[in-house]
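Position in the sequence shown counted from 1, then plus 126, gives you my numbering.
Each residue gets a CB set at the ideal place from its N, CA and C atoms; glycine is no exception.
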Amino acid sequence: MLAVPALCFCLGFGSQLHLTARPSNAFPACVTKRRLRLQTQANLIQRKLQEGPVVESVPFCSPQTLWGAWTMLLVCLFLSGPASAANWSGTHIPKRSLAEAAKTLESGALRSMPMAKYPDPMLRMSASPVAESMFHQPALKLFTEALQTTAAAEGAVGLAASQVGVDARIIVLDPSISSRTVFVNPQVVERSSEDSMRWWRERCLVLPPDVLVTLMRDARIKVHAFDLQGSYTVTLEGEAARAFQHELDHLNGVLIIDHAVDDDDLTSQAFPEMKQLEEPDHPWRQEIAFARQVGALDETSGGG
């Protein structure tokens with residue numbers, strides 16, 4: 127059966143940019159240096175794959191908990207069953223502003239929100255910053271609470287606004303992994319060294335359930351963000367750092383498959399068309415996924 131890390135269900139969220147192909151000569155002058163770094167990271171992942179099974183796991187699927195054990199059993203049964211072969215159906219949910227989403231929530235029509243499913247175009251958009259004028263509005267509180275409710279309903283340790291079709295740079299993390307749970311307009315202001323990056327096997331609920339990607343994340347990050355009380359800076363490590371980086375990828379229109387260095391990671395029996403859809407733009411998307419941006423977004427990660 128699958129190893130424990132193979133059961134790490136991770137949810138993750140960015141000026142409105144569609145990650146479409148661009149000619150190779152459009153890359154900036156520093157592209158050679160960056161590609162060398164990307165290749166180094168890819169080689170590290172390949173070497174780890176050759177060394178044996180991954181040992182990283184996330185707390186909410188930990189085998190040390192009864193709930194985690196049941197989760198692993200049920201997921202293994204689901205993934206090994208015939209229904210997983212061709213039952214994936216994508217979505218095309220409408221993009222809404224934060225104010226529009228809050229208005230819907232005010233009506234009481236929703237407590238949790240429907241999620242985008244690959245290959246929904248919403249998942250390839252880079253989300254817009256939340257306007258400062260929204261920071262003390264009831265709409266922000268209402269939406270972040272609904273996002274947390276949705277994350278809990280999905281059994282997720284984190285969620286990004288763009289995953290529910292809302293164009294806003296907002297992330298929520300579960301309090302079991304982070305003392306800070308709401309991140310509005312988050313920026314990574316410091317990262318641990320590239321040599322200390324940790325490798326993980328990640329899944330994502332917006333992708334078919336048989337998609338499992340080996341990737342690397344910074345072991346420690348310092349994040350500046352806002353919540354309902356104001357601005358703050360926090361240092362995240364371990365699972366909190368991993369989950370936050372997963373969610374921040376979503377804000378930038380990046381998916382875990384963009385980190386893939388193994389062709390098998392782009393293959394899905396549940397959605398066989400995925401590899402064909404991803405291969406043409408994968409080198410460019412991988413460059414964006416591997417960029418270790420610090421500070422505000424730049425054109426590399428899709429911001430403006």
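According to DSSP, is residue i part of a helix, a strand, or is it coil?
| i | result |
| --- | --- |
| N169 | helix |
| P104 | For the chain, the structure presents residues 127 to 430; residue 104 sits outside this window and is missing. |
| I414 | helix |
| R324 | strand |
| T224 | The question names Thr, yet the displayed sequence has Leu at residue 224. Looking at L224 - three-state DSSP - the assignment turns out to be helix. |
| S427 | Residue placement at S427 is poorly supported in this model, since its pLDDT is 37, which falls under 50; the coordinates still yield a value, given next. In this structure, S427 counts as coil in the three-state DSSP scheme. |
| V290 | helix |
| T217 | coil |
| T230 | helix |
| T276 | helix |
| T270 | helix |
| D353 | strand |
| V180 | Legend: pLDDT at V180 = 47, less than 50; position of this residue unreliable, no value from coordinates given. |
What are the partner residues of residue i, as DSSP defines its beta bridges?
| i | result |
| --- | --- |
| D384 | None, per the DSSP bridge assignment. |
| E316 | K348 |
| F397 | According to DSSP, which records beta bridges pairwise, F397 is partnered with nothing at all. |
| T307 | In DSSP, T307 forms no bridge with anything. |
| V431 | Outside the displayed range of the chain (127 to 430) lies residue 431, so it cannot be described from this structure. |
How is the beta strand (DSSP E) around residue i delimited, first residue to last?
| i | result |
| --- | --- |
| K243 | Unbroken run through K243: none, as it is neither H nor E. |
| G436 | Because residue 436 is not part of the residues shown, which for the chain are 127 to 430, the question remains open. |
| M251 | Counting along the chain, M251 falls outside any beta strand (DSSP E), and DSSP gives it neither H nor E. |
| L341 | 339-343 |
| L299 | 296-299 |
Of the residues the options, which one's Cα is nearest the Cα of residue i?
| i | options | result |
| --- | --- | --- |
| F397 | R237, W326, K243 | K243 |
| T166 | D391, L273, V387, E399 | V387 |
| K221 | V292, M241, S254 | V292 |
| E232 | E271, S304, S252 | E271 |
| G421 | V314, T359, D407 | V314 |
| D375 | V256, Q172, D321, M251 | M251 |
| W214 | P409, Q395, D407 | Q395 |
| P245 | L362, I414, C330 | C330 |
| A70 | L341, E399, L273 | Lying before the first or after the last residue shown, residue 70 is absent from the chain, which here runs from 127 to 430. |
| S288 | G216, E373, T359 | E373 |
| L341 | K348, H350, R324, V349 | R324 |
| L170 | W326, V310, R411 | W326 |
| P312 | S223, K348, D390, R418 | K348 |
| L381 | A345, D344, E328 | E328 |
| T307 | S259, H350, E399 | H350 |
| M100 | L362, K401, V339, A277 | Lying outside 127 to 430, the shown extent of the chain, residue 100 is not represented and no answer is given. |
| A275 | S304, R237, E258 | Sequence check: residue 275 is Thr here, not Ala. If we check each option's Cα against that of T275, R237 comes out closest. |
| P301 | A225, D321, L362 | L362 |
| I383 | V360, Y358, W410, E226 | W410 |
| T432 | E316, A345, R343, A225 | A query on residue 432 cannot be resolved here, the shown segment of the chain reaching from 127 to 430 and no further. |
| S304 | H262, V256, F370 | F370 |
Could you give the residue range of the alpha helix (DSSP H) that holds residue i?
| i | result |
| --- | --- |
| Q371 | 364-377 |
| Q263 | From DSSP, Q263 is part of no alpha helix (DSSP H); its letter is neither H nor E. |
Query raised in the report: Is the region 291-300 touching the region 334-348 in the sense that three or more CB pairs, one from each, lie closer than 8 Å?
Result: no
Query raised in the report: Between the region 272-290 and the region 365-382, do three or more beta carbon pairs fall short of 8 Å?
Result: yes
Query raised in the report: Is the region 352-360 in contact with the region 255-271, if contact means three or more CB pairs nearer than 8 Å?
Result: yes
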